[in-house]
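**Student:**
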Amino acid sequence: MENDWYIRPYKRTDEDELFAMMEKEAEWNEYCCGEERKKYLTALQTSLTYLLFEAEKLCGYARCREDDGFGVYVYDLLVDASCRGKNYGRYLMEQACRDFPEQKVYVMSDVDPYYEKQGYQKEGTIFIVKQQ
């Protein structure tokens, strides 16, 4: 059976849909208005940003940065509340692992229980993602 979801890179035309998803989450609201939104748009465009869609609905995204061969750091991971429980967060993380197979992928986390549940190894204040 084929997946009914897919991952692709962020495009500027995704801006409104992405921010609409972020606005639903209280802790993400600060990025959605005024100067913060402008700064976050720049961050999206200068990062490796993956979007996960189910059919044509945006269900989640991950924003990462590659550190000149020293690793890939995931700064943001969000799955829409209506789409959780389908491993979409894991699939987004694994996309970074596939795109950078020679580097470690790290998560900058403030939601440790989620990453512990995924089985990622904690190293200090970050997690190392292991592709399943």
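In terms of full-length UniProt numbering, the sequence shown opens at residue 1 and continues consecutively. Built from N, CA and C at the ideal position, the CB exists for glycine as well. Please read these numbers as outputs of a predicted model, since none were measured by experiment.
Which one or two residues does DSSP pair with proline 9 in a beta bridge?
**Tutor:** Paired residues: Tyr50.
**Student:** With a threshold of 6 Å on Cβ separation, who are the neighbours of glutamate 17 within its own chain once the five nearest residues in sequence on each side are excluded?
**Tutor:** Only Leu58 meet the Cβ criterion.
**Student:** Taking 8 Å as the limit between beta carbons, can you name the residues of its chain near tyrosine 114, skipping five residues before and five after?
**Tutor:** Excluding sequence neighbours, tyrosine 114 sits near Gly89.
**Student:** Roughly how many angstroms lie between the CA atoms of isoleucine 126 and glutamate 102, to the nearest whole one?
**Tutor:** The straight-line gap from Cα to Cα measures roughly 19 Å.
**Student:** Which complete beta strand (DSSP E) runs does the segment 48-125 hold, if anything under 3 residues is left out?
**Tutor:** Fully enclosed beta strand (DSSP E) runs of 3 or longer: 48-54, 57-66, 72-79, 105-108, 121-123.
**Student:** Should glycine 69 go down as buried or exposed, given a rule of 16 or more other Cβ atoms within 10 Å for buried?
**Tutor:** Exposed, because fewer than 16 other Cβ atoms sit within 10 Å of the Cβ of glycine 69.
**Student:** Distance, Cα to Cα, tyrosine 120 vs methionine 22?
**Tutor:** The straight-line gap from Cα to Cα measures roughly 25 Å.
**Student:** On the DSSP letters alone, give me the boundaries of the alpha helix (DSSP H) that lysine 38 sits inside.
**Tutor:** That run of the alpha helix (DSSP H) goes 34-45.
**Student:** Assign tyrosine 6 to one of two classes, buried (16 or more other C-beta atoms within 10 Å of its C-beta) or exposed (fewer than that).
**Tutor:** Result: exposed.
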